[in-house]
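Written below as structure tokens is the structure these notes are about.
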DNA sequence: TTATAAACAGACTGGTTGTCCTGTTTTGTC
DNA sequence: GACAAAACAGGACAACCAGTCTGTTTATAA
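Residue numbers (the numbering used here), protein chains in the order written: chain A, 2 to 222; chain B, 2 to 222.
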């Protein structure tokens with residue numbers, strides 16, 4: 002999160018890209034934490050230290066701003082946390098396991114579950130506006146396609162013969178999305194690990210009582 | 002959805018339960034379709050044909066109204082569409098299959114995906130207020146518990162020996178939640194069926210190209 | 001009937017919202 | 001330097017929001 006280097010009086014320096022980035026940073030964070038409708042552009046202006054005129058110059062409407070967040074930030078977040086790791090992994094299953102583990106570890110470390118950016122906005126905006134819906138649907142589609150492609154690559158290497166790539170990809174994305182939904186609501190990342198283990202082939206019942214780590218609110222809202 | 006029997010002038014009949022029900026009907030539908038923040042109580046008043054004084058008498062704040070919707074309606078919806086069918090089914094897996102099929106069929110028939118009421122509100126309200134979060138988390142918990150109990154019953158009957166009840170329940174709920182999330186965003190129920198089939202043990206790749214039924218907007222918003 | 005509370009009506013308010021508009025400053029180009 | 005366009009400042013505004021308030025009507029119970 003970039004912050005402005007203290008405005009000394011008298012002089013001004015135009016920095017359109019920097020300002021745009023600052024607004025997107027703030028909007029992304031606020032949409033994630035509070036949601037679209039609960040985030041007022043007044044709050045965003047204050048948080049980004051930006052005037053109304055400047056904001057309006059870069060994003061004429063709130064919808065335009067949200068659309069930019071979806072297309073530039075949410076898509077990138079899915080790419081970074083899911084698509085790239087899966088592609089880089091030795092196999093699809095390995096990639097999925099890695100992502101679940103990484104995310105669960107992150108949540109446990111920061112002690113607060115903000116939820117999946119894509120799902121958060123998808124629920125609030127999919128029915129609100131067709132432009133939102135289309136943009137969000139495209140991200141879901143790319144997400145599943147990346148996993149399905151990886152499964153197909155596994156299959157060409159002789160593995161994962163028994164499964165359907167598209168269906169498995171849908172299952173993986175759905176499981177993660179739903180698990181994050183519960184983790185957010187319960188403020189407990191344990192369900193993520195539960196889902197991952199249940200997803201593994203030949204899952205064995207847990208011997209000992211599993212630990213419950215109820216997280217405490219801390220991170221900035 | 003109950004509607005008022007045309008207000009003839011001069012006379013008035015107090016019907017507190019009926020009025021309360023009408024408000025909850027309208028609020029439930031609007032929260033589902035537009036979300037909490039996008040639903041103004043003014044709109045709700047108009048839709049329920051209720052005055053401000055009457056609404057305030059039954060629900061002093063918007064939060065109180067939403068809490069009532071969650072506790073009385075959303076919980077009942079999960080009970081009706083998930084918990085009861087699973088308990089009534091011959092086995093947990095059979096119940097899950099049945100629910101997925103039923104819901105998918107309903108969506109295809111009505112041609113529009115409004116999403117899961119619980120998840121819709123959970124995403125928007127979990128971080129907004131601890132009371133909301135607690136109420137919503139309780140519903141998720143009961144949902145998973147019902148499935149886990151059914152699995153345990155199966156295991157006592159000698160079936161499903163290889164799996165962990167709690168983890169499997171988490172997987173089932175997460176898969177459904179995530180699938181509905183995608184179905185809503187894509188306005189296509191196909192992903193629900195994909196997830197169900199991928200969830201089945203020993204899932205076999207689909208032989209033919211699966212059909213895609215992109216739904217058209219129709220239902221009342 | 002009379003008292004009492006519950007149920008409802010409807011106007012009102014203080015604050016917020018997103019957007020617009022006019023003007024000023026900076027920046028790039030010739 | 002002259003000029004035009006982009007970048008920014010900041011006030012104004014109408015619409016809307018949730019909630020409050022006072023008053024009236026209906027039901028209940030004695």
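Yeah, the Cβ is synthetic: ideal placement off N, Cα and C, and Gly gets one too.
Because the structure is a prediction, the values reported are computed rather than measured.
Legend entry - Closest residue to residue 153 (chain A) among A:14, A:193, A:88 (Cα-Cα distance): Reading the first chain from its first residue, position 152 is the one you call residue 153 (chain A). Considering only alpha carbons, the answer is A:88.
Legend entry - Separation of residue 51 (chain A) from residue 8 (chain A), as counted between CA atoms: Locating residue 8 (chain A) in the first chain gives position 7, where the first residue counts as 1. Locating residue 51 (chain A) in the first chain gives position 50, where the first residue counts as 1. Because residue 8 (chain A) carries a pLDDT of 46, less than 50, the predicted location of this residue cannot be relied on, and the following value inherits that uncertainty. Those two C-alpha atoms are separated by around 11 Å.
Legend entry - C-beta atoms of residue 122 (chain A) and residue 184 (chain A) nearer than 9 Å: If you number the first chain from 1, residue 122 (chain A) lands on position 121. If you number the first chain from 1, residue 184 (chain A) lands on position 183. Contact flag unset, no.
Legend entry - Nearest-angstrom Cα separation, counted from residue 70 (chain B) out to residue 14 (chain B): Here residue 14 (chain B) refers to the residue found at position 13 of the second chain. Here residue 70 (chain B) refers to the residue found at position 69 of the second chain. Going by the C-alpha atoms only, they are around 25 Å apart.
Inset, instruction - Go ahead and pull the three-state DSSP assignment for residue 151 (chain B). - result: Here the question's residue 151 (chain B) lines up with position 150 in the second chain. Helix at residue 151 (chain B).
Legend entry - Per-residue contacts from residue 137 (chain A) into chain B (C-beta, under 8 Å): Along the first chain, one-based indexing puts residue 137 (chain A) at 136. Simply 186.
Inset, instruction - Following the continuous alpha helix (DSSP H) through residue 124 (chain A), name the residue where it begins and the one where it ends. - result: On the first chain, residue 124 (chain A) is found 123 positions in, with the first residue counted as 1. Looking at the DSSP string, the run of the alpha helix (DSSP H) that includes residue 124 (chain A) is 118-126.
Inset, instruction - Look at the Cβ atom of residue 192 (chain A), then the Cβ atom of residue 175 (chain B), and state whether they are nearer than 9 Å. - result: Numbered from 1 along the first chain, position 191 holds the residue referred to as residue 192 (chain A). Numbered from 1 along the second chain, position 174 holds the residue referred to as residue 175 (chain B). Against a cut-off of 9 Å, the Cβ pair of residue 175 (chain B) and residue 192 (chain A) comes out as a contact.
Inset, instruction - Examine chain B for any beta-carbon lying closer than 9 Å to the beta-carbon of residue 192 (chain A), and answer yes or no. - result: Walking along the first chain from the start, residue 192 (chain A) turns up at place 191. Residue 192 (chain A) counts as touching chain B.
Legend entry - C-beta neighbour in chain A for residue 148 (chain B), strict 9 Å: Taking the first residue of the second chain as 1, we reach residue 148 (chain B) at position 147. With 9 Å as the cut-off, residue 148 (chain B) does not count as an interface residue toward chain A.
Legend entry - residue 151 (chain B) vs residue 116 (chain B) beta-carbon contact at 9 Å: The count along the second chain starts at 1 and reaches residue 151 (chain B) at position 150. The count along the second chain starts at 1 and reaches residue 116 (chain B) at position 115. In this structure, the beta-carbon distance from residue 151 (chain B) to residue 116 (chain B) does not fall below 9 Å.
Legend entry - Selection from B:156, B:166, B:106, B:199 that minimises the alpha carbon distance to residue 171 (chain A): As a working mapping, residue 171 (chain A) is identified with position 170 in the first chain. Measuring from the Cα of residue 171 (chain A), the nearest candidate turns out to be B:199.
Inset, instruction - Quick one: list the residues of chain B neighbouring residue 176 (chain A), beta-carbon separation under 7 Å, in chain order. - result: On the first chain, position 175 is the one that residue 176 (chain A) refers to. What residue 176 (chain A) touches in chain B: 172, 175, 176, 179.
Inset, instruction - Within the segment 52-119 of chain A, note down every full alpha helix (DSSP H) run reaching 4 residues or more, in order along the chain. - result: 53-59, 63-69, 76-79, 85-89, 93-111
Legend entry - CA-to-CA distance, residue 90 (chain A) to residue 205 (chain A), given in whole angstroms: Translated into positions along the first chain, residue 205 (chain A) becomes position 204. Translated into positions along the first chain, residue 90 (chain A) becomes position 89. Caution is warranted here: a pLDDT of 47 is assigned to residue 205 (chain A), below 50, making its placement in the model unreliable, and the coordinate value is therefore given only provisionally. Roughly 24 Å between the two C-alpha positions.
Legend entry - Euclidean distance between Cα positions of residue 41 (chain A) and residue 38 (chain B): Residue mapping note: residue 41 (chain A) aligns to position 40 of the first chain, counting from 1. Residue mapping note: residue 38 (chain B) aligns to position 37 of the second chain, counting from 1. When rounded, the distance between both Cα atoms is 12 Å.
Inset, instruction - Spell out whether any CB of chain A is found under 9 Å from the CB atom of residue 125 (chain B). - result: Translated into the one-based positions of the second chain, residue 125 (chain B) becomes position 124. Yes, its Cβ sits closer than 9 Å to a Cβ of chain A.
Legend entry - Under the three-state DSSP convention, the category residue 225 (chain A) falls into: Missing from the structure shown is residue 225 (chain A); chain A here goes from 2 to 222 and no further.
Inset, instruction - Report yes if the C-beta distance between residue 31 (chain B) and residue 45 (chain B) is below 9 Å; otherwise report no. - result: Taking the first residue of the second chain as 1, we reach residue 31 (chain B) at position 30. Taking the first residue of the second chain as 1, we reach residue 45 (chain B) at position 44. In contact: residue 31 (chain B) and residue 45 (chain B) (Cβ atoms closer than 9 Å).
Inset, instruction - Decide if residue 124 (chain A) is buried, meaning its Cβ has at least 16 other Cβ atoms within 10 Å, or exposed. - result: Position 123 of the first chain, counting from 1, holds the residue named residue 124 (chain A). Buried, by the Cβ-count rule.
Inset, instruction - Using a threshold of 9 Å, state whether the C-beta atoms of residue 195 (chain B) and residue 180 (chain B) are closer than that. - result: Position 194 of the second chain, counting from 1, holds the residue named residue 195 (chain B). Position 179 of the second chain, counting from 1, holds the residue named residue 180 (chain B). Their beta carbons are under 9 Å apart, which means residue 195 (chain B) touches residue 180 (chain B) by this criterion.
Legend entry - DSSP-derived helix/strand/coil call for residue 163 (chain B): Locating residue 163 (chain B) in the second chain gives position 162, where the first residue counts as 1. It is coil, neither helix nor strand.
Inset, instruction - Under 7 Å Cβ to Cβ from residue 73 (chain A), same chain only, skipping five residues before and after it: list those, please. - result: Locating residue 73 (chain A) in the first chain gives position 72, counting from the first residue. Contacts found: 25.
Inset, instruction - Label residue 106 (chain A) either buried or exposed according to how many other C-beta atoms from any shown protein chain fall within 10 Å of its C-beta, with 16 as the threshold for buried. - result: The residue given as residue 106 (chain A) occupies position 105 in the first chain. Exposed is the call here.
Inset, instruction - Can you tell me which of the three DSSP states residue 132 (chain B) falls into? - result: In the second chain, the residue the question calls residue 132 (chain B) occupies position 131. If DSSP states are grouped into helix, strand and coil, residue 132 (chain B) belongs with the helices.
Legend entry - Residues that residue 167 (chain B) contacts on chain A, provided the C-beta gap is smaller than 7 Å: Here residue 167 (chain B) refers to the residue found at position 166 of the second chain. Going along chain A in sequence order, the residues near residue 167 (chain B) (Cβ under 7 Å) are 195.
Inset, instruction - Can you tell me the Cβ-Cβ gap for residue 140 (chain B) and residue 67 (chain B), rounded? I've got them flagged as a contact below 8 Å. - result: The residue given as residue 140 (chain B) occupies position 139 in the second chain. The residue given as residue 67 (chain B) occupies position 66 in the second chain. 14 Å between Cβ atoms; not a contact.
Inset, instruction - Could you tell me whether the Cβ of residue 15 (chain B) comes closer than 9 Å to any Cβ of chain A? - result: For the purposes of this step, residue 15 (chain B) is taken as residue 14 along the second chain, with counting starting at 1. Output row for residue 15 (chain B): interface = no.
Legend entry - Selected residue, minimal CA-CA separation from residue 113 (chain A), among B:202, B:34, B:128: On the first chain, residue 113 (chain A) is found 112 positions in, with the first residue counted as 1. Cα-wise, what sits closest to residue 113 (chain A) is B:128.
Legend entry - Nearest residue (CA-CA) to residue 144 (chain A), options A:130, A:85, A:98: Taking the first chain and counting its residues from 1, the one referred to as residue 144 (chain A) is at position 143. Here the closest residue by C-alpha is A:85.
Legend entry - Within 9 Å, strictly: CB atoms of residue 167 (chain B) and residue 149 (chain B): As a working mapping, residue 167 (chain B) is identified with position 166 in the second chain. As a working mapping, residue 149 (chain B) is identified with position 148 in the second chain. Between residue 167 (chain B) and residue 149 (chain B), the gap from beta carbon to beta carbon is short of 9 Å.
Inset, instruction - Give a yes or no on whether the C-beta atoms belonging to residue 64 (chain B) and residue 133 (chain B) are separated by under 9 Å. - result: Here residue 64 (chain B) is taken as the residue at index 63 of the second chain, counted from 1. Here residue 133 (chain B) is taken as the residue at index 132 of the second chain, counted from 1. The answer is yes: Cβ separation under 9 Å.
Inset, instruction - Step through the CB atoms of chain A and report whether any lies within less than 9 Å of the CB of residue 78 (chain B). - result: One-based indexing of the second chain puts residue 78 (chain B) at position 77. So no, residue 78 (chain B) is outside the interface.
Legend entry - Short CB-CB distance (under 9 Å) between residue 19 (chain A) and chain B: In the first chain, the residue the question calls residue 19 (chain A) occupies position 18. With 9 Å as the cut-off, residue 19 (chain A) does not count as an interface residue toward chain B.
Legend entry - Same chain, Cβ closer than 6 Å to residue 36 (chain A), five either side skipped, listed in chain order: Translated into positions along the first chain, residue 36 (chain A) becomes position 35. For residue 36 (chain A), where only same-chain residues beyond five positions count, the Cβ hits under 6 Å are 125.
Legend entry - Backbone secondary structure at residue 186 (chain A) - three-state DSSP: As a working note, residue 186 (chain A) is residue 185 in the first chain. Residue state, collapsed to three classes: helix.
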